[in-house]
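A short worksheet on the structure shown next.
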Amino acid sequence: MKIRVATYNIHKGVSSIRAEPRVLALKQAIGMFDADVVFLQEVQGKHDLKAAKYGAEQLGHKHWPAAAQHEYFAGESRHLHAAYGMNAVYDHGHHGNALLSAFPIANQANHDVSDHAYEQRGILHCVLQTPQGPVHCYVVHLGLFEGSRRRQTQALISAVRESAPNGEPVVIAGDFNDWRNTLSDELRNALGVVEAFDEIGSSSALDGVLRTLRRKSSVNPARTFPAGLPFFRLDRIYVRGFKVETAEVMHGSLWAKLSDHAPIVASLTLA
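All residue numbers for the sequence shown refer to the UniProt record's numbering, where the first residue is 1 and numbers rise by one.
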């Protein structure tokens, strides 16, 4: 079974410069992934101020949808199923992580991993019903401080061990904010996952040896931030029970206008 997945921090549906609404364009861009499952971060379930300012009919369409962003993205697309984990709550709304899926979502749970009062973070866990059995998906957005990220990674490891036992297939994707790449070894050793960009390439014996050697040294995930000129390696896709066929960062002028992060898309085959 083949599954195409994508991860994208959408910056609450506004551009990184001047905070212009980009929800309509984001919906079209998400469709360009041609992905079965999309992991989204900084998704606004509600924003009364933006809705009041941009929700009126302009140029024949609304610049800000009445529905929650994840519901809007899922509507009239191949992603018939959507889940949302609310993390940050404020007077005029809230935002968090979301998952869009072409497969039914059997169940979902949002794990609060906030490490202090100034950053509300969560891990959204969804179990997908696929033709080959359940697949566990975890949408991740870790904190800005390294100490917080380490503690949140331990919470992620505990959540996966408890909810996806016996080596069941797992996809963990999102914005890890791990710009120094200090967490990959811990995740690989604890959960048996691999990072998508560590796995791409041919399947020859030599490549297998080289990948093993790379794992023992430093592995470099893709550069995804800032979207206009990606330099920092913040976004990841980790998998267990899948072979990574392809992985790419979507970059260029289109993506630079939509968010401060560039999205990652990967094609997987169930091992």
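We treat Cβ as the ideally placed atom computed from N, Cα and C, and that holds for glycine.
Measuring straight from C-alpha to C-alpha, what distance separates residue i and residue j?
i: residue 137; j: residue 195; result: 14 Å
i: residue 3; j: residue 168; result: 15 Å
i: residue 151; j: residue 129; result: 30 Å
i: residue 104; j: residue 127; result: 9 Å
i: residue 258; j: residue 116; result: 29 Å
i: residue 14; j: residue 22; result: 5 Å
i: residue 28; j: residue 220; result: 30 Å
i: residue 158; j: residue 247; result: 27 Å
i: residue 154; j: residue 182; result: 13 Å
i: residue 134; j: residue 165; result: 12 Å
i: residue 269; j: residue 5; result: 11 Å
i: residue 90; j: residue 44; result: 11 Å
i: residue 189; j: residue 146; result: 19 Å
i: residue 262; j: residue 198; result: 18 Å
i: residue 163; j: residue 16; result: 35 Å
i: residue 179; j: residue 232; result: 6 Å
i: residue 72; j: residue 65; result: 7 Å
i: residue 18; j: residue 271; result: 45 Å
i: residue 267; j: residue 125; result: 20 Å
i: residue 249; j: residue 225; result: 11 Å
i: residue 20; j: residue 80; result: 27 Å
On a CA-only basis, which of the options is nearest residue i? Give me that one, please.
i: residue 171; options: 240, 233 and 230; result: 240
i: residue 142; options: 113, 164, 134 and 244; result: 113
i: residue 26; options: 148, 118 and 260; result: 260
i: residue 251; options: 243, 245, 264 and 242; result: 264
i: residue 92; options: 225, 148 and 47; result: 47
i: residue 78; options: 30, 146, 88 and 237; result: 30
i: residue 120; options: 158, 140 and 231; result: 140
i: residue 106; options: 82, 12 and 230; result: 82
i: residue 193; options: 243, 41 and 253; result: 243
i: residue 8; options: 237, 123, 189 and 191; result: 237
i: residue 275; options: 253, 18 and 12; result: The chain is shown only over 1 to 271; residue 275 falls outside these bounds and no answer can be derived.
i: residue 148; options: 249, 235, 100 and 118; result: 118
i: residue 200; options: 180, 176, 245 and 177; result: 245
i: residue 176; options: 111, 235 and 36; result: 235
i: residue 286; options: 38, 94, 68 and 70; result: Limits of the chain in this structure are 1 at one end and 271 at the other, which puts residue 286 out of reach.
i: residue 88; options: 63, 72, 262 and 110; result: 110
i: residue 191; options: 67, 179 and 161; result: 161
i: residue 33; options: 100, 231, 178 and 225; result: 100
i: residue 68; options: 36, 24 and 35; result: 24
Per DSSP, residue i forms a beta bridge with which residues?
i: residue 248; result: 265
i: residue 97; result: 85
i: residue 38; result: 6 and 100
i: residue 235; result: 175
i: residue 122; result: 112
i: residue 278; result: Nothing can be reported for residue 278, as the shown portion of the chain is limited to 1 through 271.
Is the distance from the Cβ of residue i to the Cβ of residue j below 7 Å?
i: residue 227; j: residue 255; result: yes
i: residue 132; j: residue 1; result: yes
i: residue 98; j: residue 187; result: no
i: residue 144; j: residue 123; result: no
i: residue 75; j: residue 86; result: no
i: residue 42; j: residue 63; result: no
i: residue 84; j: residue 94; result: no
i: residue 102; j: residue 185; result: no
**Item:** Start-end ranges of the beta strand (DSSP E) lying completely within the stretch 142-177, minimum 3 residues
**Value:** With a minimum length of 3 residues, the continuous beta strand (DSSP E) runs that stay inside the stretch 142-177 are 170-175.
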